[in-house]
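Notes follow the structure.
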DNA sequence: GTGAAAGCGCTAACAC
DNA sequence: GTGTTAGCGCTTTCAC
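Chains as they are written, first to last, in our numbering: chain V, 451 to 786; chain U, 451 to 786.
So this is what it looks like as structure tokens:
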């Protein structure tokens, strides 16, 4: 058995009907054609025993639809992107689309190249997650009539769905304020923001949320309270160390911008006695399950993957991707 | 500009040449056809300004190759699978193939369905990573002439590349033996194996490596030293707790089978004073970066993702997938 | 109820 | 050096 790759013509010959009849039976349009039930049964049986599978290159070529939906992500081996990929697959399948997730390593050239390859395969739409240069991808997609939407990092040429960084930062800051213990030394009785890149969109919004919340309670926030030391763990380790030395101890509370930064912070904290840690309250903007295994409590902000992708799919479904709107999705605050 | 989706016919008309000439120029076969340099240049220029992109559905249909290579993984949001996906993409691209990674949620039905969908799109080969029912996928692939190889978990109907679990367990056990401090109480002066499923292939090999290493040094290993309490973190937490009570403390060293199990163990260890932890030596068969942030030292076995996938690609390249051989790749031992 | 035929966009003989 | 032609496997009028 298993005649290598049977086509509708093979089946047609075996069933003694025409190829168009087979085609209609196999793709469900046979009701409209009012094909005899026994013909349907015969062909379906034959298809099963010949292990027939539709050639989607051919059917896609004919109908000019591929059934494919793509998603560009920076990396596979990151908790957030992995979770997004997982959720994306489920949602895509629920819409009858076949998901293709590809990583582009935060390389704008690879982003474009990959988008182009996906367009070659005639994807029907594209989700652009955390792209370095989303607008370049937008231009390419637009010129090929491919629906697309930016997620997590906004672009200007297509609609975007992002986390509500301002709101999330406000929540986390308020929470740190509420749950931290006042310190005697004035310069240590403050909240400090650590990590991120000052020119970066997400960081800016988070710093704003942080500052506005503090300002509302205490008046001015000093520049020294904000240390945008980048996203590298090594930079963060150096920054927290410097802060510790400057303050003569840990501050009242620490707003840590991303898990990467958290990792650097932990490397430093491991060198301190437990009693010192107990006096400081920690919050991290971003979520990672490993936090559950740390020796000190930590507040975390977790992005709402379902919310983000749900909104992104809504935009694709509505065909409103070209409007350039920005939708903000509120994250969740968790204590670990 | 941007005539929505230009074809080689559009370009042919504009350049005043035939479609086959355009085709040859655009896919690189023009040297053999000895097409005039100026024609080549003209067409290439035109293609660029018309934003032409090859329709791979059409070219694939014609040549009966898609340029696609698939990989089935259980989950996207796991460190190991994420890393494998990443490495897979790089290696696939290096071979001029376009990678498609899809997760199948450890669901045998979804594994088959996904493999079938990928075959529909005419993938040229398939990597089957950690599948629940690899042989079912093999049957499907074989009946459609699709080259494939099992990775991480072996099958019987196609060649497999897996970690050398026996060797890795030997290394880890020997290392724990070497670096642990003897205990006064006899029942605590032993190594204990925690986690995994006894009937599971990987667990069996690891238990063997563990037992053989100990037997060579001390004679018999008692059944009580091996606690295959599953892969759930909650089960592991209960198991380590029970062991602790039974022994009246932590043992000399603990062989923890997988990071999932490690998570359960940590939840229990957090309830103990640091001094107790210091007397026990910990090893985990599997690697996760979060281990660097734990408060106690830990030996870990890290699978060699490059080695595994390299060997898997070698099998595909050699076309020897049907031989049903099993290749074992040695993992690395790391101290964190 | 079903078949014949055209064509999706591309490639590769074969022609000249 | 380049054009003509015949499909790849499928869908979809239109015909009967």
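The beta carbon of each residue, even a glycine, is placed where N, CA and C say it ideally should be.
Apart from the five residues just before and just after residue i, which ones in its own chain have a Cβ nearer than 7 angstroms to its Cβ?
i	result
residue 766 of chain U	575, 597, 599
residue 622 of chain V	705, 733, 735, 749, 751, 783
residue 684 of chain U	714
residue 496 of chain U	461, 464, 465
residue 485 of chain U	471, 474, 475
residue 640 of chain V	675, 701, 702
residue 671 of chain V	661, 664, 665
Residue i to residue j, Cα distance in whole Å?
i	j	result
residue 674 of chain V	residue 686 of chain V	15 angstroms
residue 591 of chain U	residue 516 of chain U	16 angstroms
residue 539 of chain U	residue 545 of chain U	10 angstroms
residue 554 of chain V	residue 521 of chain V	10 angstroms
residue 695 of chain U	residue 589 of chain U	49 angstroms
residue 625 of chain V	residue 638 of chain V	18 angstroms
residue 709 of chain U	residue 741 of chain U	9 angstroms
residue 730 of chain U	residue 663 of chain U	19 angstroms
residue 661 of chain U	residue 692 of chain U	21 angstroms
residue 594 of chain U	residue 549 of chain U	19 angstroms
residue 507 of chain V	residue 505 of chain U	10 angstroms
residue 534 of chain U	residue 528 of chain V	12 angstroms
residue 536 of chain U	residue 456 of chain V	34 angstroms
residue 647 of chain U	residue 712 of chain U	15 angstroms
residue 614 of chain V	residue 556 of chain U	33 angstroms
residue 786 of chain U	residue 743 of chain U	9 angstroms
residue 488 of chain V	residue 459 of chain V	19 angstroms
residue 480 of chain U	residue 566 of chain V	23 angstroms
residue 547 of chain V	residue 697 of chain U	55 angstroms
residue 482 of chain U	residue 768 of chain U	28 angstroms
residue 605 of chain U	residue 490 of chain U	50 angstroms
residue 633 of chain V	residue 775 of chain V	44 angstroms
residue 657 of chain U	residue 754 of chain U	20 angstroms
Spatial neighbours of residue i within its chain, please: C-beta separation below 8 angstroms, excluding the five flanking residues on both sides.
i	result
residue 462 of chain U	468, 469, 471, 472
residue 689 of chain V	644, 645, 677, 679, 714
residue 514 of chain V	572
residue 726 of chain V	699, 700
residue 717 of chain V	683, 687
residue 667 of chain V	627
With distances taken between CB atoms, is the gap from residue i to residue j smaller than 8 angstroms?
i	j	result
residue 677 of chain U	residue 642 of chain U	yes
residue 581 of chain U	residue 561 of chain U	yes
residue 618 of chain V	residue 739 of chain V	no
residue 501 of chain V	residue 475 of chain V	no
residue 791 of chain V	residue 681 of chain V	With chain V running from 451 to 786 in the structure shown, residue 791 of chain V is simply not present.
residue 790 of chain V	residue 609 of chain V	Residue 790 of chain V lies beyond the residue range present for chain V, which begins at 451 and ends at 786; the question has no answer from this structure.
residue 653 of chain U	residue 707 of chain U	yes
residue 511 of chain U	residue 511 of chain V	yes
residue 603 of chain V	residue 584 of chain V	yes
residue 724 of chain V	residue 745 of chain V	yes
residue 611 of chain V	residue 722 of chain V	no
residue 503 of chain U	residue 770 of chain V	no
residue 659 of chain U	residue 620 of chain U	yes
For residue i, which of the options has the nearest alpha-carbon?
i	options	result
residue 541 of chain U	U:768, U:762, U:773	U:762
residue 607 of chain U	U:613, U:578, U:764, U:456	U:578
residue 477 of chain U	U:755, U:657, U:509, U:662	U:509
residue 552 of chain V	V:483, V:671, V:523, V:567	V:523
residue 699 of chain V	V:657, V:636, V:746	V:636
residue 586 of chain V	V:612, V:498, V:559	V:559
residue 601 of chain V	V:756, V:786, V:785, V:549	V:756
residue 543 of chain V	V:518, V:776, V:529, V:719	V:518
residue 747 of chain V	U:747, U:640, U:720, U:768	U:720
Considering only residues of the same chain and omitting the five flanking positions on each side of residue i, which have a CB-CB separation below 6 angstroms?
i	result
residue 525 of chain V	531, 553
residue 737 of chain V	750, 752
### Task
Flag this pair as touching only if the region 621–634 of chain U and the region 702–718 of chain U have three or more C-beta atom pairs under 8 angstroms; answer yes or no.
yes
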